[in-house]
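Under our numbering, think of the first position of the sequence shown as 633, with each following residue one higher.
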Amino acid sequence: MCVPKGYWIIECQEITDQISMEKYANAWTEIANEFNAQIIGGTKSSDFVEGPQKARVLILEFPSYQIAQDCYYSEKYQKAKELALKAMERTFSIIEGI
Numbered sequence: 633m634c635v636p637k638g639y640w641i642i643e644c645q646e647i648t649d650q651i652s653m654e655k656y657a658n659a660w661t662e663i664a665n666e667f668n669a670q671i672i673g674g675t676k677s678s679d680f681v682e683g684p685q686k687a688r689v690l691i692l693e694f695p696s697y698q699i700a701q702d703c704y705y706s707e708k709y710q711k712a713k714e715l716a717l718k719a720m721e722r723t724f725s726i727i728e729g730i
């Protein structure tokens, strides 16, 4: 049986604290390696055809939905998340692939 992949969909507003963002990016590199996460989509410019415009959208892929959840709720990510929330306003979803 094939295990569906897991995804993080992150929609960000403009970065307001560059130092916190750089610290978050550094922390994220180690976390991504630990949980086998890959950025599969992301851009600074998008064609938002419905809903409010966002500054950036990122799509990250994980080996499974459970791993995507485990990563988000891990102690390491929760510490890193504090930096991200200082750096920008964002919406964040964890979804299961089909």
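All C-beta atoms in this analysis are idealised placements derived from N, C-alpha and C, irrespective of residue type, glycine included.
Note that the structure is predicted; figures quoted are calculated from it, not measured.
Taking a 10 Å sphere around the C-beta of Cys703, we find 16 or more other C-beta atoms and assign the residue as buried. The Cβ atoms of Ala719 and Tyr639 lie no closer than 7 angstroms to each other. For Val689, the closest C-alpha among the options Glu714, Cys634, Glu646 is that of Glu646.
Here Glu654 is exposed: its Cβ has fewer than 16 other Cβ atoms, across all protein chains shown, within 10 Å. Distances from the alpha-carbon of Glu714 to those of Ser652, Cys644, Gln698 put Ser652 closest.
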